[in-house]
Each structure stands twice: as structure tokens, then as C-alpha cells.
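Each remark here refers to the structure printed beneath this line.
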Amino acid sequence: MNEKKKGTIYFVDAGPGDPGLITVKGRDILQTCDSLVYDHFAPAEVMALIPAGVILHYVGERPDRLPLEPEEIIRILIELAEEGQAVVRLKGHDHPEYDCQEVRLLKEQGIPVEIICCMGGNVSRTDRPLSCLRVMVTLPPTQAGDIGEKLRELGADPLFYSTTLVEPTDDLSAWEKLATLSSDNLWLIFTGENGVRYFLEKFNKQLGDMRRLAPFKIAAVGHETLFALEHFHLVADFVPSGLTVDDLIHELLREKHLRGASVVRIRGSMTDDVVEKNLTLAGADVLPLTVFRTYFPDWAPQSKFALLHKPPEAILFASAPAVEGLYHNLTEAEIGHLLAKLKIFSQGPHISRALRAHGITSFHEAKLHTTAGLLAALLDYSGNA
């Protein structure tokens, strides 16, 4: 009988203090391996890449025990390799082949070993304003990249835990009604960047010619909303002096004649209907048009464990649903444990109201209600901490 072929142990480097620098090869092996052996140094955002079918072996410290000794970790790795499995040993430093006792002992046992190091070297971050600050980012992946990059430039360690996800949706009946609107007082109302992006991406598909926007006046609130309009070479006809949706409603009704106007309210699935109700009461004919769906993702158990075992030092909320998404994934007790050990940052009044609704009153609200303002609030706190 042929002897069963031994599996390979892949030592995957999670990045030189920056999990964003994990190699493509390392990521691919993480997503195709049979088993993963990891400890408390494994970055949460790397652990989030692991598919549900991978068998996890935690060898790090727990509240009731110290990390396993190297000999015990080696025993686990050898057993898995002798079963023919492809095994990842996730490491948190640059070059495990130079100083890792595990690699040496495995090679002595004749176990196939492959080292997958990151491309970069260690970069000193001690002189940066957010030096090594662990910051939890709750934005959807489509929006988290920019703020994650800026956090790293400032020396922080971003931990990506999306509490909401966003995807386009087709509100076909509303699009059909939009196509038939005919009035000398047409308005589009935008209250967020996602609404701008998904509406304009869908408009050409649904109506075929961007020139059909010409009869519409645009009302918009929020810096991020205005930036998104600029990206599509559009300028709002009405912007309130304040930065909230309430400011938009009150000033629009005070300054513009909307009785009999046809108003298209661009929204998401979790957006409240306060705009629609107020404008309808003022005599406008309001058409809600839902262009994106927001929903709560389910975090993997190992991601939750990593987050609670080694909590970050700050958390950023950029939307009210992001707060609700945290409560979707964690129990009240888990949230109490998490928030007791970090500083909370809100991008604006709507998010602050959502936090207060859950009894959270200790947080920092950005003065400028954008992701740049959110970072500015974090920097201001860090400088005064």
C-alpha cells in the first residue's frame, strides 16, 4: 500500500504591521487551505478572509490559559500534514523562516514547508500622529478602502468590520413613474453619497439619456453628497446652510415653493421617510425612489472572537445603520465589553442620535460631517489624549 502523501504547511505572513500588505498568494492560500492554525496576533481583517469551510485551530492565549508551547503547536501541524491536509500557519511578522522555531522543527521532521512572506519591510510608525492606534472601521467594503489607506498613512492599524453592506436595487415601478413625470417644477433630492452614485449609475440604464435630467432642480445636503455630485459633474441648485436632513427640509420648505411640485426622493432601503412626509404635507407630489439596499452582514465566529479578545482602541461610525449593524452581530453584553475599552466617533447628528437610542452617550462627533471630518475628530482626540 502506498504511503499517504504528506500535506504542506504554509507559513503565511499577515503583513509587516499592516495586514493590507498580505500577498495575493498568501490570500489565495488562505481561501483554499484545509486547516488554519492561528494565535492571538492574527489580524482580524485577515481572519475575515477565511471561508466558512476551513477548520480552525486556535493556539494563542485565552483568558484561562497561556499560548500553546511550540512543541504542542508542532504536534498539531504534523498531525494535520500527515492527514494530507494543506495547512496554513498564520504568522504576524515579516520573515518566519529566519527566526521561527516551528519552521525549523517541521523541516527536521521532513514536513513540506513553504514560506509566504509579505513584499514590504517593517516601516516605523512611531513618529506618526496615530502611531499604532487600533481603529475599527464599520463602513461597507466599497467605502472603507479610502479611510483605511488614510489611517495607515497616519500610522494607525485599521480593523475592517463592516456592520452594513450596500448593493444596488431595482425599484422598477418608481423608475417607470419617473420616466412619465411632466411638470414645470421638478426636483431631485439627495441626502447621501450612495444615493447619488447608485441613482446616476442606474439612470442611463433605465432612461437612456442623461439629458433627461435637465428639467430637474437638485437639492442636496452633506459634504459627501456634494462631493459625489461633483464626481458626476453635477451641481446642486439648493444646499441648506445646515448639514442635516432636518435643515434641508426646513430651509427648502421656507425658501422654495413646492406645492404642486413633483419631487423624486432618492433613498436607500433603510432610509427613514421624514423627507417624504414633510414635503407631502407641504403639498408636493413625492416619488420615493429606492436605488440601493442596505443590510447587515453576519460576522464569522473567529472574527468576533478576535475582535472581543483584543478590542480596538477606537471605532468609527459613518451612518446610523452602521450602529444597528453592530447590535446585529454582537449581544448587549459583548457590545458593553467592546465599547467599554474604546473611544467612539460619530460622523454626524443622525449617527449620534442612533448611538443615544442605544444608551451610548459618551462619544466624539465630527465637526465636518464627512469621512475626512471623522478622521479629523480622531486626530483631535489623539492629540489631546
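At position 119 of the sequence shown the residue is numbered 119 (the numbering used here), and the sequence of numbers has no breaks.
Quick reminder that beta carbons are idealized off the backbone N, C-alpha and C, glycines included.
- Here alanine 42 is buried: its Cβ has 16 or more other Cβ atoms, across all protein chains shown, within 10 Å.
- Distance from the CA of alanine 261 to the CA of asparagine 185, rounded to the nearest whole angstrom, comes to 5 Å.
- At the C-beta level, valine 113 and leucine 105 stay beyond 8 Å of one another.
- By the 16-neighbour rule on beta-carbons within 10 angstroms, aspartate 171 is buried.
- Taking a contact as a CB-CB distance under 8 Å, the pair leucine 248 and alanine 282 does not count as one, their CB atoms being some 13 Å apart.
- Secondary structure of proline 168 (DSSP, three-state): strand.
- Secondary structure of tryptophan 187 (DSSP, three-state): strand.
- Secondary structure note for proline 70: its alpha helix (DSSP H) is the uninterrupted segment 70-82.
- Put simply, the backbone Cα of valine 286 is about 42 Å away from that of tyrosine 381.
- Annotation: the continuous beta strand (DSSP E) that includes aspartate 13 extends over 9-13.
- Looking at the DSSP output, glutamate 365 sits in a beta bridge with Ser346.
- By the CB criterion at 8 Å, alanine 322 and threonine 142 fall outside the cutoff.
- For the pair valine 275 and arginine 265, the Cα-to-Cα distance works out to about 8 Å.
- Of the candidates Val24, Gln85, Ala14, the residue whose Cα lies closest to the Cα of lysine 91 is Ala14.
- Going by C-alpha positions, serine 319 is about 5 Å away from isoleucine 351.
- Distances from the alpha-carbon of arginine 293 to those of Leu165, Thr23, Leu49, Leu36 put Leu165 closest.
- With a beta-carbon spacing of about 38 Å, glutamine 85 and aspartate 146 fall beyond the 8 Å limit used to define contacts.
- Considering only Glu255, Thr8, Glu251, Trp299, the residue with the shortest C-alpha distance to glutamate 45 is Trp299.
- Between the alpha carbons of leucine 279 and leucine 130 lies a gap of roughly 44 Å.
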